[in-house]
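Structure first, then comments.
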Amino acid sequence: MGKSLAEFHFVSDEFTSSYAEKLTKEIESEKSLTVDPEDLLLSHKLNPEQKHAYDLILKACFSLQGQAFFVDGPGGTGKTFLYRSLLATLRSQNHVAIAVATFGIAASILPGGRTAHSRFKIPLDFSKTKTCQLSKQSSASKLLSESTLILWDEASMYKRETIEAFDELLKDLMDSDLPFGGKVIVFGGDFRQTLPIIEQATKEVLIESTFPVSLLWSQLHKIRLTENMRAMFDPGFSQFLLRVGEGREPVDDQGEITLSPDIVIPYVDKEVSLNRLIESVFPDLNLYTHDPYNLINMCILAPKNSSVDELNEMMIKRFPGNLQTYISSDKTVDQRHQSDYEDFLNSQNPKGLPPHKLLLKKNCPLMLLRNLNPTEGLCNGTRLICRDLGQHTISAEIVFGHHRGKTGQTLDYVGIYLREPVFSHGQLYVALSRARTAAKVRILLVPGTFEGTKVDCKTRNVVFHEIFRLTQE
Ligand SMILES: Nc1ncnc2c1ncn2[C@@H]1O[C@H](COP(=O)(O)OP(=O)(O)OP(=O)(O)O)[C@@H](O)[C@H]1O
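Number 454 in UniProt numbering belongs to position 454 of the sequence shown; there are no gaps in the numbering.
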């Protein structure tokens, strides 16, 4: 009687102190995140819709009454702008505000952002276990319990079972039956943009996997942002974007929409037209040497990796400087098959890996394909500039993301290469909606060989209308 557990030395003193240290360290590091003074001023710049959302969410945070929100806004309505403002306000007052996103690149845009998978130990393969792998004693659990706000961007791209597992985790941690354990949680997203990625899934399977199908959906307080701040100086373009995103742009009997000839590059032949697309987006590649920070926001987007590879091959030849070639080393599991399969392995181009033959030049832009260190801004989608090319190493500099002051997913000039039409919900809308004005978009539509009668400005726009019906429920 009257003894503490520690006196029985079940666990070595060294272990207990290092665990306690780790716990404190994680919470302290979250509390000591530096707040960008610019972010603190954002609350004064919010538009009336954003301000309403900001006040509502902060009220829930300060009244200690748990509430779950969903901020639903088309691309460019300032969701990220609102999140940055909320995070800055709370963190400057010493509150723990956790920010996560579906993909590394979106996480790197949020100050202190991490991917939801790494922060909440969500298993990558949900078929084996449907629970988050966080123990109640872990530092991440403690952090969640202490948090005033949990902010989850791009929740529209997450499978509902993941969010349901997170709800169970919070209920367990907080010993509460309230939704999300009674925490204040803000989900954000846009169902006009791409939905969860499930390979080979039918439309029905895809829709069934989305958040609005979950029973949790009806328990969320919905906040809608409607004013497109990105395209505010081109209202006609902003309305066109919304019609494309919501599948309201009229289609012909082939199911295709007609784009304005002003934004379409006329198709002559593939090489000539591709060159025109490249020249309209990157008029002078020499400028990368002097001003990579501005040029990194000019991009050509394509729905398939094979089109991107084709463009990269053309672009790197045009880029000034000496070419450096890096060759991958592919090995068969059984060494005896190496000579038979080496050429075949080298010809493969799996997603998430660079090509077998990677061609680079000093000062050329790069995109990282792995979440190497999201907290330092090194994640899948981070854009960098090659600074030095060694024999086995590449020195590169981050030129995009929160770590470089370039926040949000706005592009200064967008090229869209449709060698074949888009194939999935929201793809065309996502690409178009990165631009501020129609004058900063150019699209190359390669005519299909099918019947050979394709009219130049027509293309497919895939929109699953069912998702909008579900979000309204
Ligand atoms: N209240 C505001 N005042 C000034 N600029 C704003 C405001 N809100 C947003 N913006 C600007 O509008 C652009 C789009 O905002 P933001 O990236 O936050 O939108 P988003 O809804 O997160 O877009 P997406 O869903 O496409 O990622 C950014 O350049 C941002 O700085």
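Glycine is no exception: its CB is placed at the ideal position from the N, C-alpha and C atoms.
Indicate, with yes or no, if ligand 1 has a heavy atom lying under 7 Å from the CB of residue i.
i	result
residue 491	There is simply no residue 491 to check, as the chain begins at 1 and stops at 473 in what is shown.
Asn47	yes
Lys79	yes
Gln50	yes
Asp190	yes
Gly76	yes
residue 494	Because the chain is modelled from 1 through 473, residue 494 falls outside the range shown and cannot be assessed.
Gly73	yes
Ser307	no
Thr273	The question names Thr, but residue 273 is Ser in the sequence shown. Answer for Ser273: no, Cβ out of range of ligand 1.
Ser433	yes
Please name the residue, chosen from the options, that lies closest to residue i on a Cα-to-Cα basis.
i	options	result
Tyr288	Arg318, Asn305, Gly245, Ala140	Arg318
Ala53	Pro37, Arg248, Thr77	Thr77
Ala298	Val414, Phe103, Ser156, Ser139	Residue identity check: residue 298 is Met in the sequence provided, not Ala. That would be Val414, whose Cα lies nearest to the Cα of Met298.
Ala60	Ser347, Phe423, Lys183, Gln409	Lys183
Cys457	Phe464, Pro266, Ser424, Tyr417	Pro266
Leu295	Asn275, Leu56, Ile385	Ile385
Gly381	Ile398, Ile394, Asp388	Ile398
Ile150	Ser138, Asn228, Thr162, Arg119	Arg119
Tyr293	Pro48, Leu411, Asp269	Leu411
Glu38	Ser395, Gln338, Arg84	Arg84
Phe62	Gln324, Ile185, His337	Ile185
Gly377	Ala396, Leu428, Thr226, Asn322	Ala396
Pro354	Val441, Tyr341, Asn312, Ser32	Asn312
Leu220	Glu249, Asn371, Phe70	Phe70
residue 475	Leu124, Thr210, Gln348, Ile443	As shown, the chain starts at 1 and ends at 473. That puts residue 475 outside it, with no answer to give.
Thr131	Glu161, Ile105, Ala68, Ile109	Glu161
Met232	Asp291, Asn47, Gly181	Asn47
His117	Phe103, Ser108, Ile109	Phe103
Thr238	Ala439, Ala201, Ala107, Asp269	In the sequence under discussion, the amino acid at residue 238 is Ser, which differs from the Thr named in the question. Minimum Cα distance to Ser238 is reached at Ala439.
Tyr429	Arg419, Val446, Pro447, Thr459	Thr459
Gly188	Ser218, Arg224, Ile122, Arg419	Arg224
Asn55	Ala68, Glu26, Leu86	Rather than Asn, the amino acid found at residue 55 in this sequence is Asp. Nearest of Ala68, Glu26, Leu86 to Asp55, Cα basis: Leu86.
Asn363	Ser339, Gln348, His392, Ile316	Ile316
Since residue i and residue j are thought to touch, with beta carbons under 8 Å apart, how far apart are those beta carbons, to the nearest angstrom?
i	j	result
Gly75	Asp153	Not really, about 13 Å apart at Cβ, beyond 8 Å.
Leu173	Leu195	With 8 Å as the limit, Leu173 and Leu195 do not qualify as a contact, their Cβ atoms being about 29 Å apart.
Ile257	Val251	6 Å
Ile300	Val281	6 Å
Pro111	Asp175	Actually they are not in contact, since the Cβ atoms of Pro111 and Asp175 sit about 31 Å apart, beyond 8 Å.
Thr115	Ala101	7 Å
Pro303	Phe423	6 Å
Thr471	Pro212	5 Å
Ile98	Ser147	5 Å
Thr80	Asp234	Wrong, their Cβ atoms sit about 20 Å apart, outside the cutoff.
residue 488	Ile443	This structure cannot settle anything about residue 488, because the visible part of the chain is limited to 1 through 473.
Thr325	Lys361	Contact doesn't hold; Cβ gap of about 11 Å is too wide.
Leu216	Glu164	7 Å
Leu82	Gln50	5 Å
Gly245	Ser29	Not really, about 38 Å apart at Cβ, beyond 8 Å.
Asp330	Glu342	6 Å
Inside the segment 261 to 348 only - alpha helix (DSSP H) runs reaching at least 4 residues: Fully enclosed alpha helix (DSSP H) runs of 4 or longer: 270 to 281, 292 to 295, 305 to 318, 338 to 347.
Runs of 4 residues minimum, wholly inside the segment 64 to 152: which ones carry the alpha helix (DSSP H) assignment? The segment 64 to 152 contains these whole alpha helix (DSSP H) runs: 79 to 92, 104 to 109, 116 to 120, 139 to 146.
Unbroken stretches of the beta strand (DSSP E), 3 residues or longer, contained in the segment 419 to 468: Fully enclosed beta strand (DSSP E) runs of 3 or longer: 441 to 445, 458 to 460.
In chain order, what are the residue ranges of uninterrupted alpha helix (DSSP H) at least 4 long that sit wholly in the segment 182 to 229? Counting whole runs of 4 or more residues, the segment 182 to 229 contains the alpha helix (DSSP H) stretches 203 to 208.
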